[in-house]
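Chemist: I have a structure I would like to understand better, so I am pasting it below and will then ask my questions one at a time.
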Amino acid sequence: QDKDLVCFKDIYPAAPHHYLVVPVPHIISCHSLQRRHVKLVERMAEMGRAVLRDQGITDLSDIRLGFHQPPFTSVHHLHLHVLAPASQISEYLVYKFLLKSDRFITEECFLKRLKRKPPEASCLNGCCHSGSLLTKDTTRTASMATQEASGDDVCPFCQIADKQTNTEILFSDEELLCFRDVKPGAETHFLVVTRRHIDNCRMLQTQHIPLVERMVEVARSVLEENKVHNSEDNRMGFHLPPFTSVPHLHLHVLCPASKMNVRAQLRYGPQSHWFIT
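Under full-length UniProt numbering, the sequence shown has 87 at position 87, and the numbering climbs by one with no breaks.
Given below as structure tokens:
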């Protein structure tokens with residue numbers, strides 16, 4: 001423990017060594033952090049590694065440090081998970097600490113994301129240690145946490161936008177791009193994606209109505225250009241968190257909707273509770 005941080009054992013350990021590094025000031029989650037908090041995250045990681053060394057862990061290549069992302073946080077106070085050996089994480093709990101998942105982000109990947117945030121951004125969702133009060137609109141706007149796509153290794157759609165993959169692009173301009181879904185739920189199934197990284201549809205506000213309308217326009221245009229039969233028999237919409245497969249805003253476009261199989265109906269159909277047109 002020091003004046004800023006404290007480290008203790010997790011009460012539900014997922015590995016032989018499982019510790020939490022927690023800041024003394026109350027910060028709700030990793031989504032509350034800004035670029036000015038890079039040093040804080042680095043210090044949390046340093047303390048985690050120091051504790052492992054003090055506990056006799058010599059192989060620091062077999063460890064896992066990271067944060068759970070909302071809504072998968074168990075306690076609403078920022079905490080860094082420190083696990084070792086990573087190769088011995090419990091098979092019953094490993095799903096909570098999978099790499100490149102919506103649930104968990106490693107300290108290294110999170111630092112990359114944090115360093116790309118604009119320095120002038122306001123404090124996010126409930127970062128209350130600064131003593132400032134945020135209005136609901138200010139908090140929501142800040143929590144967009146948008147940034148230019150720059151190949152974040154935890155965001156495959158940013159990689160596609162940066163042309164780091166061989167994905168076939170059906171449409172592209174300075175704001176949006178469109179490509180086929182790798183796991184199609186219909187005969188024609190593609191995604192319209194924003195170039196700027198926006199986590200999901202819950203991040204959108206009234207000012208983003210033109211953006212959503214443009215996404216729909218692009219979808220209809222791609223359907224026409226690809227001469228999709230019966231293109232009016234379509235279903236377009238977004239998955240609601242935490243049921244988003246990739247944490248980057250994308251509009252699903254499926255056609256013909258009337259011929260989607262049972263599995264696709266559960267994911268994209270009218271009876272789905274987590275899909276909104």
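Where a beta carbon is used, it is the ideal one built from N, C-alpha and C, also for glycine.
What does a CB cutoff of less than 6 Å around Val-51 pick up in its chain, not counting 5 residues either side in sequence?
Modeler: The answer, listed in chain order, is Cys-7, Tyr-19.
Chemist: State the start and end residues of the unbroken beta strand (DSSP E) segment that holds Ser-172.
Modeler: Looking at the DSSP string, the run of the beta strand (DSSP E) that includes Ser-172 is 169–172.
Chemist: Take Leu-114 and list the residues in its own chain whose beta-carbon comes closer than 8 Å to its own, dropping the five residues that flank it on each side.
Modeler: Cβ neighbours of Leu-114 beyond the five flanking positions: Leu-33, Gln-34, Arg-35, His-37, Val-38, Val-41.
Chemist: Are the CB atoms of His-208 and Cys-158 within a distance shorter than 7 Å?
Modeler: Cβ atoms of Cys-158 and His-208: not closer than 7 Å.
Chemist: By DSSP, does Gln-265 sit in helix, in strand, or in coil?
Modeler: Gln-265 falls in the helix class under three-state DSSP.
Chemist: Do His-161 and Val-192 have their C-beta atoms closer together than 7 Å?
Modeler: It is Ala, not His, that sits at residue 161 in the sequence shown. Contact flag unset, no.
Chemist: Would you call Pro-270 buried or exposed, if buried means 16 or more other Cβ atoms sit within 10 Å of its Cβ?
Modeler: Pro-270 comes out exposed.
Chemist: Could you check what DSSP says for Ala-84 in three-state terms: helix, strand or coil?
Modeler: Strand at Ala-84.
Chemist: Which of helix, strand or coil does DSSP assign to Cys-155?
Modeler: Cys-155: coil per DSSP, three-state reduction.
Chemist: Determine the closest residue to Cys-109 out of Val-262, Cys-255, Gly-66, Phe-243, with distance taken between C-alpha atoms.
Modeler: Selected option, being the one with the closest Cα: Gly-66.
Chemist: Buried or exposed: Ile-27, going by 16 or more other Cβ atoms within 10 Å of its Cβ?
Modeler: Buried, because 16 or more other Cβ atoms sit within 10 Å of the Cβ of Ile-27.
Chemist: On a Cα-Cα basis, can you pick out the residue from Glu-46, Ser-90, Val-24, Pro-241 that is closest to Asn-200?
Modeler: Ranking the options by Cα distance to Asn-200, first place goes to Pro-241.
Chemist: Using the Cβ count rule (16 or more neighbours within 10 Å means buried), how would you classify His-273?
Modeler: So His-273 counts as exposed.
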